[in-house]
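For reference, the structure discussed in these notes is given below.
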Amino acid sequence: MPPKRPLNPHERKVKKRKNELIHKAQVKRKYHKQIEKVDFDQDTPDYVKEIFGERTIDDDGNIVEYTNGQKPAAPSKKDQEDRVFYLDETDSDESEDEDKEKTKKKKTEKTRKPNPFKAQIQEKEQRLKSIQDERKRRQRERDDREYEKRKYYKQRERERGRLMSKTKKGQPNMAAQVDHLLSKIQKGL
1 MPPKRPLNPH ERKVKKRKNE LIHKAQVKRK YHKQIEKVDF DQDTPDYVKE IFGERTIDDD
61 GNIVEYTNGQ KPAAPSKKDQ EDRVFYLDET DSDESEDEDK EKTKKKKTEK TRKPNPFKAQ
121 IQEKEQRLKS IQDERKRRQR ERDDREYEKR KYYKQRERER GRLMSKTKKG QPNMAAQVDH
181 LLSKIQKGL
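In full-length UniProt numbering, the protein residues as written are 1 to 189.
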C-alpha cells in the first residue's frame, strides 16, 4: 500500500467542515432525545411563555393568556353572566341605526390614498414622452434627408443623361455640354 500523500488546503477545509456538520448533528440528536424523555411544556418557565404569548393555567386552575408581559385576571363567573345578551332585548335602536349609516357612508365614500409613487410615475411618463418625441423628430429628419437625397440623384441622373447624349454619328453632343456650363456660370453670378 503506497504512503498517503498530505492533504492540500481545500481538502483540509472540506474535511473540517464535514466534521463540524457531523458534530452539530450529534448534538441536535442528543438534545431532541432529552426533550422526548422529559415533558418539555412543564419545564417551560413563565417568562418564556410571557414572551411568546402562550396560554397557561394560573393558581386557581383557570386558563390565562399572557398579554404584554402581565397576567390578566381570570374572568369571574359574575363577569361571564353579565356578558350574556338576550336576543329579544335591544339596548338602543338609535345606536344601531347610526352604526348602519356610518358603514354606508364608509362604503360609498371611499377615500383614495395618494399614490406614493405619483412623482416617479409622472417622471417616467414625461421621460417616455420625450423619448417618443425625439424618435419622431429623428424620423422626420431621416425622411427629409432621404427626400433630398432622392431629389439630388434624380437631378444628377438627368444632367448626366444630357451630358452623355451623343449625335447620330456617336460623337458627344457639344450643345448640351455648353448649355450645362452656361447654366453653372449663371448660377455662380
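For each residue, glycine too, the CB sits at the ideal point set by N, CA and C.
The alpha helix (DSSP H) that contains residue i, what's its start and end?
i	result
Val14	9–37
Met164	Segment: none, Met164 is in no alpha helix (DSSP H) and carries neither H nor E.
Gln177	174–188
Within 10 Å of its beta-carbon, does residue i have 16 or more other beta-carbons around it, so buried, or fewer, so exposed?
i	result
Gly69	With a pLDDT of 48 at Gly69, under the threshold of 50, the predicted position of this residue should be treated as unreliable, though the coordinate-derived value follows. Exposed, since its Cβ has fewer than 16 Cβ neighbours within 10 Å.
Sort the options by Cα distance to residue i and report the nearest one.
i	options	result
Arg160	Glu146, Asn115, Asn173	Asn173
Met164	Tyr152, Gln177, Tyr153	Gln177
Mapping the DSSP letters down to three states, classify residue i as helix, strand or coil.
i	result
Gln155	helix
Gln171	coil
Arg5	coil
Lys118	helix
Lys113	coil
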